[in-house]
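Beneath this line is the structure, given in structure tokens, with notes to follow.
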Amino acid sequence: MPYDPNRHHRRSIRLKGYDYSQARAYFVTICTQDRACLFGKVVNGEMRLNDAGRMVLAEWNMLP
1 MPYDPNRHHR RSIRLKGYDY SQARAYFVTI CTQDRACLFG KVVNGEMRLN
51 DAGRMVLAEW NMLP
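Under our numbering, the final residue of the sequence shown carries the number 64; numbering is consecutive throughout.
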């Protein structure tokens, strides 16, 4: 199905006028296609990263 901006649109949840480039703490959610568990698994309430999860964590930690 081709993209139709009149039909496929999402409402922004960003605060109007807020400068998101400021150095602050932000909550980020990463959701995979079909919510597949690609980065590891939760064992007894603790995240156990697999190789892909460790790779993503290393890249994330390099962000300023």
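Backbone N, C-alpha and C fix where the C-beta goes; we use that ideal spot for every residue, glycine too.
The structure displayed is predicted, hence computed values, not measured ones.
How far does the beta strand (DSSP E) with R48 in it reach, from first residue to last?
For this step, residue 48 is matched to residue 48 along the sequence shown. Segment 46 to 49, the beta strand (DSSP E) holding R48.
So the candidates are R35, Q33, R14, A36; which of them puts its Cα closest to the Cα of Y26?
Counted from its first residue, the sequence shown places residue 26 at position 26. Answer by Cα proximity: R14.
Alpha carbon of M53 to alpha carbon of A23, nearest angstrom:
Looking up residue 53 in the sequence shown gives position 53. Looking up residue 23 in the sequence shown gives position 23. A quick correction: the sequence has Gly, not Met, at residue 53. Between G53 and A23, the C-alpha separation is close to 25 Å.
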